[in-house]
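Before any comments, here is the structure.
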Ligand code: SF4
Ligand code: SF4
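In the numbering used here, the protein residues as written are 210 to 411.
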């Protein structure tokens, strides 16, 4: 029997775990993880993730930086908190995943592999601009974030669904709905940004 040679393509960054402990919200609690797998076993969206949280945490310890930072795990987490409630070591799994997503986008990893980054950006643009999400603009911005040709193709593929929404009054035609206090919303977001920068969360 021929034994396959070991895979030497994986690069290990031995300082990565330390970086996560010090820079990711809740990361300092990762050392408490005992790899029981309750989080992964409880996760309703686990099948849609590259790795369950348990495995991702082990990969952090192993220094698999590239694989962790480009993983879909943190982007597909729906923040349901089931893992947090059940973790016997009170590891704040959700916060860790949320901040890993933010940092992976900030440092340019996530864009390489993950469509959810484009969706999150479109969603955030609408929420920030109008104080609510306009599904038509969010969808259009998301589709065209893949380029003109793909934008049209995706739009055409979903046109029938969109028209049915309009017909049944589930989607309106006309200007986007906006909240009244947009100026206050901008001030709140600017303050949050300032606090995040001051506390090194950016
Ligand atoms: S449930 Fe908690 S202790 Fe168990 S693997 Fe998940 S994070 Fe680690
Ligand atoms: S918070 Fe995220 S990781 Fe935890 S159970 Fe829910 S979807 Fe899964």
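In this text, a Cβ means the ideal position worked out from N, Cα and C, and glycines have one as well.
Residues near residue 245 in its chain [Cβ-Cβ closer than 7 Å; skip 5 each side]: Within the chain shown, the letter at position 36 stands for residue 245. Taken in chain order, the residues that qualify are 297.
Given 8 Å, three or more beta-carbon pairs between the segment 359-374 and the segment 319-336: no
Nonlocal neighbours in the same chain, by C-beta distance under 7 Å from residue 276, ignoring five residues either side: Taking the chain shown and counting its residues from 1, one reaches residue 276 at position 67. So the qualifying residues of the chain are 268.
Pair within 8 Å by beta-carbon distance, residue 251 and residue 265: Along the chain shown, read from residue 1 onward, the residue named residue 251 stands at position 42. Along the chain shown, read from residue 1 onward, the residue named residue 265 stands at position 56. No, these two residues do not count as a Cβ contact at 8 Å.
Closer than 7 Å: residue 307 CB and nearest ligand 1 heavy atom: Within the chain shown, residue 307 is the residue found at index 98, counting from 1. For ligand 1, not one heavy atom lies less than 7 Å from the Cβ of residue 307.
Contact check, residue 287 vs residue 254, beta carbons under 8 Å: Mapped onto the chain shown, residue 287 falls at position 78. Mapped onto the chain shown, residue 254 falls at position 45. Yes, the Cβ-Cβ distance between residue 287 and residue 254 is below 8 Å.
Rounded C-alpha distance that separates residue 335 from residue 347: The residue you call residue 335 lines up with position 126 of the chain shown. The residue you call residue 347 lines up with position 138 of the chain shown. Rounded to the nearest angstrom, the two C-alpha atoms are 6 Å apart.
Length of the line joining the Cα atoms of residue 383 and residue 291: Within the chain shown, the letter at position 174 stands for residue 383. Within the chain shown, the letter at position 82 stands for residue 291. Their Cα atoms are separated by approximately 39 Å.
Contacting residues, own chain, Cβ-Cβ under 6 Å from residue 314 (five flanking each side not counted): Numbered from its first residue, the chain shown carries residue 314 at position 105. The answer, listed in chain order, is 326.
Local Cβ density within 10 Å of residue 312, reported as buried at 16 or more and exposed below that: As a first step, residue 312 is located in the chain shown; it is residue number 103 there, counting from the start. Buried.
Supposed close pair residue 400, residue 300 - CB separation, criterion 8 Å: The residue given as residue 400 occupies position 191 in the chain shown. The residue given as residue 300 occupies position 91 in the chain shown. Residue 400 to residue 300, Cβ: 30 Å. No contact.
Alpha helix (DSSP H) segments (min. 4 residues) lying fully within the segment 240-319: 247-251, 262-271, 274-278, 282-285, 291-295, 302-315
Same chain, Cβ closer than 7 Å to residue 342, five either side skipped, listed in chain order: Residue 342 sits at position 133 when you count from the first residue of the chain shown. Taken in chain order, the residues that qualify are 332, 335, 336.
Assigned exposure category for residue 225 - 16 Cβ within 10 Å defines buried: On the chain shown, residue 225 is found 16 positions in, with the first residue counted as 1. Answer is buried; the Cβ neighbour count reaches 16.
Any alpha helix (DSSP H) of 4 or more consecutive residues that is wholly inside the segment 354-395: 357-376
Short Cβ contact (8 Å threshold) for residue 241 with residue 272: Residue 241 sits at position 32 when you count from the first residue of the chain shown. Residue 272 sits at position 63 when you count from the first residue of the chain shown. No, they are not a contact pair.
Endpoints, the alpha helix (DSSP H) within which residue 341 is located: Start at 1 with the first residue of the chain shown, and residue 341 comes out as number 132. Element bounds for residue 341: n/a, residue is neither H nor E.
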